[in-house]
Ligand code: MN
Ligand code: MN
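Residue numbers (our numbering): 7 to 477.
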């Protein structure tokens with residue numbers, strides 16, 4: 007209907023408003039409580055393995071049953087059955103069977119639980135300058151200089167010669183020692199400071215300091231390394247060769263913290279994408295008797311392109327749907343195809359929030375703002391939308407209704423200016439089945455840095471969006 011003269015300008019003009027000003031009665035308490043639980047999750051789930059373990063623990067406590075158990079007993083699915091699928095302790099799928107058959111589609115929320123970090127090289131330990139160090143190979147997109155001079159923790163697994171698994175976790179308990187990548191003192195940095203930020207600290211400089219006490223004064227160049235190896239043998243029963251059969255990740259040490267005088271934000275490592283992963287977990291644990299099968303995916307390897315058998319580019323989801331269709335009744339590939347094609351997906355990943363220090367890369371009218379709710383990105387990619395899944399307007403329209411009906415504060419934004427750069431998510435890997443997919447996640451500052459920054463109201467609205475979508 008045409009607007010009459012005198013209608014409020016508010017009805018004509020789109021004017022986004024802070025999420026903090028749109029909270030309902032008592033919702034402030036829920037926002038704060040939610041973020042306390044979220045911070046605890048971040049403290050526990052520092053790697054994809056640790057995140058998987060914690061997600062499984064919470065899901066099992068809520069009644070999710072491992073799919074292997076169902077397959078073994080041949081127990082058929084019924085509406086409300088809760089299923090957990092563990093993919094090599096690195097990625098997880100959670101399902102709640104809906105009232106409608108699988109072939110009518112699912113409501114998926116797909117997040118990732120790997121984050122940028124430093125991985126130990128296969129043969130990491132050496133000594134130089136009477137210091138023992140560990141060589142690393144960075145994982146994902148990092149600005150290397152950001153990872154120097156910070157307290158770091160080590161998490162991972164090694165395998166001994168007899169096949170016994172050893173778990174390492176050093177640096178996150180208050181009584182633990184920490185580790186560090188060094189940087190040059192400013193006094194001698196005349197040459198370094200002339201380099202570009204990409205060249206000032208290089209990949210081969212990302213060596214983690216491990217020790218300083220030599221075993222004796224004879225083994226020049228080896229005595230300190232031997233001291234570290236002795237400690238590793240004594241405490242964990244491992245020898246140097248065992249590092250060849252290991253996955254050891256170096257991450258910022260310490261816990262998630264409140265940020266700001268008003269404690270409105272969270273500063274923590276790994277919020278890309280554990281902020282969306284936790285929202286997905288928390289949301290699906292609240293879903294009861296959904297119409298369509300609800301699914302939360304917690305994938306690995308997103309930061310390096312989603313390849314590998316624990317990443318979204320694998321057949322993990324497809325294989326799982328085959329199993330579910332078989333458990334539902336009669337298996338047929340056509341039913342699997344339909345289940346996939348008729349599904350709708352929120353690709354749950356973070357996006358960039360407007361950074362007042364770097365306005366040049368943001369287009370103010372189409373960027374996301376901290377505190378303005380969960381962010382929907384119609385497309386990502388780079389240049390002319392290259393490599394992006396560009397969501398359909400029809401699906402966005404459906405989402406608008408779902409969000410409005412459930413008081414979800416949300417905002418629409420692009421990652422940055424048209425030609426400023428770009429990025430991708432798992433969205434395109436799901437859209438190829440015919441699923442309706444859109445990127446929907448939390449806006450953050452400092453993305454991929456050791457300490458990422460999010461707003462508590464956005465974190466909470468992310469959960470609310472996923473819950474409304476799956477229920
Ligand atoms: Mn991400
Ligand atoms: Mn990322």
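Think of the CB as a built atom: it goes at the ideal place given N, C-alpha and C, for glycine as much as any other residue.
Since this is a predicted model, take the numbers as computed values, not measurements.
Residue 433 sits in a helix when the DSSP states are folded into three classes.
Of all C-beta pairs linking the segment 169 to 189 to the segment 274 to 291, fewer than three are shorter than 8 Å, placing the two stretches out of contact. Taken in chain order, the complete alpha helix (DSSP H) segments of 4 or more residues contained in the segment 383 to 457 are 399 to 411, 433 to 437.
Here residue 141 is actually not in contact with residue 150; their C-beta atoms are around 14 Å apart, not less than 8 Å. Look at residue 130 here: in three-state DSSP terms it is strand. Look at residue 102 here: in three-state DSSP terms it is strand. Comparing C-alpha distances from residue 326 to each of 55, 57, 185, 74 shows the shortest one belongs to 74.
Straight-line spacing of the CA atoms in residue 380 and residue 356 works out to 9 Å.
Contact annotation, residue 334 with residue 156: C-beta distance approximately 49 Å; criterion of less than 8 Å not satisfied. Beta-bridge analysis with DSSP links residue 289 to no other residue. The continuous beta strand (DSSP E) containing residue 263 extends over residues 263 to 265. Its chain contains 115, 446, 475 as the residues whose beta carbon lies nearer than 6 Å to that of residue 352, once the 5 sequence neighbours on both sides are disregarded; these appear in chain order. When C-alpha distances from residue 160 are compared across 255, 195, 316, 340, the shortest belongs to 255. The criterion of a C-beta distance shorter than 7 Å is not satisfied by residue 235 and residue 247.
Here residue 299 carries a strand assignment [DSSP, helix/strand/coil]. Counting only residues of its own chain and dropping the five nearest sequence neighbours on each side, residue 452 has a CB closer than 7 Å to the CB of 458, 459. With 7 Å as the limit, the residues whose C-beta approaches a heavy atom of ligand 1 more closely than that are 118, 278, 279, 308, 309, 355, 356, 431, in chain order.
When only Cα atoms are considered, residue 406 and residue 412 end up about 10 Å apart. Its chain contains 271, 272, 273, 459 as the residues whose beta carbon lies nearer than 8 Å to that of residue 265, once the 5 sequence neighbours on both sides are disregarded; these appear in chain order. Take residue 136, set aside five residues on each side of it, and the residues of its chain with a beta-carbon closer than 6 Å to its own are 230, in chain order. Cα atoms of residue 63 and residue 47: separation of roughly 12 Å, rounded to the nearest angstrom. In the DSSP assignment, residue 271 falls within the beta strand (DSSP E) that extends over 271 to 274.
Nearest neighbour of residue 147 by Cα position, chosen from 426, 424, 348, 307, turns out to be 307.
For residue 345 against residue 112, the beta-carbon gap comes to about 7 Å, under 8 Å, which counts as contact. Considering only 456, 218, 318, the residue with the shortest C-alpha distance to residue 439 is 318. The beta-carbon distance between residue 71 and residue 88, rounded to whole angstroms, is 6 Å. This is short enough to meet the 8 Å contact definition.
Collapsing the DSSP output to three states places residue 58 in a helix. For residue 365, the secondary structure class from DSSP, reduced to helix, strand or coil, is helix. Excluding five sequence positions before and after residue 232, the CB atoms of its chain that fall closer than 7 Å to its own CB belong to 221, 225, given in chain order.
Residues 342 of the same chain have their beta carbon placed closer than 6 Å to that of residue 328, with the five preceding and five following residues left out of the count. Sequence-distant Cβ neighbours of residue 461 in its own chain, meaning closer than 7 Å and more than five residues away, are 270, 271, 376, 377.
Going by DSSP, residue 112 is part of the beta strand (DSSP E) stretching over 112 to 118. By DSSP's assignment, residue 142 forms a beta bridge with 126. In the pairwise beta carbon analysis, the segment 173 to 185 is classified as not touching the segment 196 to 207: fewer than three pairs are separated by under 8 Å.
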